[in-house]
Amino acid sequence: MGLMGKWVGWVILVVGLCTRLEASTHEGRKGYELPMNCRKLECPPYEVIESKNEFEIRSYRDAMWVSTSPINSTSYKNATAKGFDILFSYIQGNNNQAAKMNMTAPVLVNILPSKSRGPFSFSNSSSFVVHFYIPKKYQKDPPIPSSPQAHPVKLPQKHNNNKYLIAAVRRFGGYMDDSNIPTQALALKKSLMGTIYESQASREIVPYSVASYNSPFESKNHVNEVMFWFDKN
Numbered sequence: 001m002g003l004m005g006k007w008v009g010w011v012i013l014v015v016g017l018c019t020r021l022e023a024s025t026h027e028g029r030k031g032y033e034l035p036m037n038c039r040k041l042e043c044p045p046y047e048v049i050e051s052k053n054e055f056e057i058r059s060y061r062d063a064m065w066v067s068t069s070p071i072n073s074t075s076y077k078n079a080t081a082k083g084f085d086i087l088f089s090y091i092q093g094n095n096n097q098a099a100k101m102n103m104t105a106p107v108l109v110n111i112l113p114s115k116s117r118g119p120f121s122f123s124n125s126s127s128f129v130v131h132f133y134i135p136k137k138y139q140k141d142p143p144i145p146s147s148p149q150a151h152p153v154k155l156p157q158k159h160n161n162n163k164y165l166i167a168a169v170r171r172f173g174g175y176m177d178d179s180n181i182p183t184q185a186l187a188l189k190k191s192l193m194g195t196i197y198e199s200q201a202s203r204e205i206v207p208y209s210v211a212s213y214n215s216p217f218e219s220k221n222h223v224n225e226v227m228f229w230f231d232k233n
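Residue numbers for the sequence shown follow UniProt numbering, beginning at 1 and rising by one.
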């Protein structure tokens with residue numbers, strides 16, 4: 001079954017599961033609107049702790065996801081297609097419980113960009129890790145993937161002895177591709193200049209994530225996000 005067919009299967013698998021993303025803001029501001037697909041698919045909860053015109057700052061609860069091993073590629077599109085196949089097989093029952101799980105949103109991809117072609121561009125040194133959020137029913141005891149290329153992981157990941165991570169998030173529409181991802185990441189970086197997040201956003205290489213809430217089978221109202229992860233302290 002091709003990627004398009006699997007996305008059709010994703011739509012069929014939806015049974016009306018619904019979780020609301022929890023949002024609160026300083027100064028009474030609202031964050032980005034809840035993506036429409038989060039009204040019919042499970043999405044990870046988060047809290048909006050700051051909201052600006054060009055970005056918002058979120059704090060995510062610890063949650064279990066299933067991820068691929070790093071995929072080396074010059075193309076987000078190619079890496080994501082490969083990773084999607086691996087993870088879709090997992091939720092279709094290729095796991096130690098033979099459990100079939102409903103599709104969730106977003107498809108989250110961690111990107112380690114090129115060191116030679118610019119801070120957000122892709123080259124042979126780029127790597128991509130694709131993630132699916134594990135449904136609430138399986139959060140406490142996630143099925144173990146049968147494939148050695150997939151692994152349960154807890155996100156957000158901890159590093160540098162900091163207990164929590166926050167995310168700076170920029171939202172954009174249309175189809176996400178190899179050309180607009182670096183452009184949107186650079187726009188997020190520029191919007192963080194002059195803020196308390198400037199020093200972390202100004203690192204030479206900034207690992208970042210992109211989140212897609214829609215299948216390519218959907219022709220309009222796409223919701224995409226580019227995210228920088230920062231230390232909370």
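Using N, Cα and C, we set each Cβ at its ideal position, and we do this for glycine too.
For the alpha helix (DSSP H) that contains isoleucine 181, what are its first and last residues? As a working note, residue 181 is residue 181 in the sequence shown. Here the alpha helix (DSSP H) through isoleucine 181 covers 180 to 192.
Beta carbon of histidine 131, beta carbon of leucine 108: below 7 Å? Taking the sequence shown and counting its residues from 1, one reaches residue 131 at position 131. Taking the sequence shown and counting its residues from 1, one reaches residue 108 at position 108. Yes, they are a contact pair.
Only counting runs of 3 or more residues, tell me where the beta strand (DSSP E) segments fall wholly within the stretch 80 to 124, in order along the chain. As far as the stretch 80 to 124 is concerned, its whole beta strand (DSSP E) runs of at least 3 residues are 107 to 112.
Distance check for aspartate 177 and phenylalanine 120, CA to CA, integer angstroms please. Residue numbering aside, residue 120 sits at position 120 when the sequence shown is read from its first letter. Residue numbering aside, residue 177 sits at position 177 when the sequence shown is read from its first letter. Each residue's Cα considered, the two are about 13 Å apart.
What are the partner residues of aspartate 231, as DSSP defines its beta bridges? Residue mapping note: residue 231 aligns to position 231 of the sequence shown, counting from 1. Partner(s): Leu165.
Just to confirm my understanding: we take proline 44, look at its own chain, exclude 5 residues before and 5 after, and list those with CB closer than 7 Å. What are they? Sequence index remark: in the sequence shown, residue 44 carries index 44 (1-based). So the list reads Tyr60, Ala63, Tyr133, once near-sequence residues are dropped.
Going by Cα to Cα distance, which pick from Ser127, Glu198, Ala98, Tyr208 is closest to serine 146? Taking the sequence shown and counting its residues from 1, the one referred to as residue 146 is at position 146. When only C-alpha atoms are compared, the closest one is Ala98.
Mind checking which residues open and close the alpha helix (DSSP H) that includes glutamate 47? Position 47 of the sequence shown, counted from the first residue, corresponds to residue 47. Per DSSP, glutamate 47 is not a residue of any alpha helix (DSSP H); the beta strand (DSSP E) it occupies stretches across 46 to 51.
Proximity below 7 Å, CB of serine 209 to CB of proline 106: Taking the sequence shown and counting its residues from 1, one reaches residue 209 at position 209. Taking the sequence shown and counting its residues from 1, one reaches residue 106 at position 106. Not closer than 7 Å, so no.
Can you tell me whether tyrosine 133 is helix, strand or coil according to DSSP? Position 133 of the sequence shown, counted from the first residue, corresponds to residue 133. Residue state, collapsed to three classes: strand.
CA-CA distance, proline 142 and serine 73? Taking the sequence shown and counting its residues from 1, the one referred to as residue 142 is at position 142. Taking the sequence shown and counting its residues from 1, the one referred to as residue 73 is at position 73. The straight-line gap from Cα to Cα measures roughly 28 Å.
Beta-carbon proximity list for serine 114, same chain, < 7 Å, skipping 5 on both sides: Here residue 114 is taken as the residue at index 114 of the sequence shown, counted from 1. Excluding residues within five positions, the ones whose Cβ falls inside 7 Å are Ser121, Phe122, Ser123, Ser125, Ser126.
Could you give the DSSP three-state label for asparagine 224: helix, strand or coil? Taking the first residue of the sequence shown as position 1, residue 224 is located at position 224. Correct three-state label for asparagine 224: strand.
Nearest CA to the CA of glycine 93: which residue from Gly83, Leu34, Ile144? Looking up residue 93 in the sequence shown gives position 93. It is Ile144 whose Cα lies nearest to the Cα of glycine 93.
For lysine 82, I'd like the list of residues in its chain whose CB is within less than 7 Å of its CB, leaving aside the five on either flank, ordered along the chain. Here residue 82 refers to the residue found at position 82 when the sequence shown is read from its first residue. The answer, listed in chain order, is Ile71.
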